[in-house]
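Numbering (the working numbering), first residue to last: 10 to 298.
Pasting the structure below:
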């Protein structure tokens, strides 16, 4: 059996903490927009527009209505989103080059309460066995890598198609990354039926994205691919072994359709990853320096 570091207790898993963090960020988005309102109204009055009420600002952020945004003569842009959102959402083009932190921070922002709710429900639907089996270091590394990769893909597609730069935000790239991690893990375990189900879910999401102009398919696909790569390189391998015993990959812990997967296939055992995760983390740390 391969042991992984433990940090999160049974009462509060990493998956739950990710939900809490996203909710806190969303509350901060609304608070920032309300706090910025006096400044915004000052500019609105100066240029002949009617002031906006706090209720309208809160309604805009809750239901995802288009923000009020305009440029000042100094070329500075002001927005009813508030500085917290405008400083951290992803914007393809020059802004992403000048402020690379947006590749990551945009993954913790959301455009509406519905957007947040759908993403958090999707996050909670990720089978528990993925976190319990892989351990939190690979889980969180894959989530973060998928957010960044998803925004990189979004930027590349937007640039090549010469699309106007529009704010991109949401945790869906990271969630697609966890689904990619789940797909490759099940595939390596020899659970083709379950891995195929994950892939079908991803295809359905892409089809939905083709029908909705507000959805970034590039971000979703980029995040999914990142999760697959992370799981293939840094996740455990599963091979035939006469000494195969029960492992922690008890998919009966799942609350989804993967319940029927059961334990590892008979005759399979679990072994170390092809590449140690520490190597990936070292490369990331060196790149940040």
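Just so it is clear, CB atoms sit at the ideal spot from N, CA and C, and this is done for glycine as well.
Exercise. For the alpha helix (DSSP H) that residue 118 lies in, which residues bound it at each end?
Worked result: Residue 118 -> no alpha helix (DSSP H), and no H or E assigned at all.
For this session: Indicate whether the contact test is met: 3 or more Cβ pairs, each with one atom in the stretch 231-248 and one in the stretch 172-191, closer than 8 Å.
Result: yes
Exercise. From which residue to which residue does the alpha helix (DSSP H) around residue 221 run?
Worked result: Premise fails: residue 221 is in no alpha helix (DSSP H) and is neither H nor E.
For this session: Compare the Cα-Cα distances from residue 148 to each of 78, 26 and 165 and report the closest residue.
Result: 26
For this session: Look up residue 56 in the DSSP assignment and give the residues it is bridged to.
Result: None, per the DSSP bridge assignment.
Problem set entry | Assigned exposure category for residue 169 - 16 Cβ within 10 Å defines buried | exposed
Exercise. Quick one: is residue 291 buried, meaning 16 or more other Cβ sit within 10 Å of its Cβ, or exposed?
Worked result: exposed
Exercise. Applying the criterion that 16 or more other CB atoms from any shown protein chain within 10 Å of the CB defines a buried residue, is residue 217 buried or exposed?
Worked result: exposed
Exercise. Which whole-angstrom value is the C-beta distance of residue 301 and residue 121, which I expect to be below 8 Å?
Worked result: With the chain running from 10 to 298 in the structure shown, residue 301 is simply not present.
Exercise. Can residue 62 and residue 77 be called in contact, C-beta distance under 7 Å?
Worked result: no
Exercise. Opposite residue 151 in the DSSP bridges: which residues?
Worked result: Beta-bridge pairing links residue 151 to no other residue.
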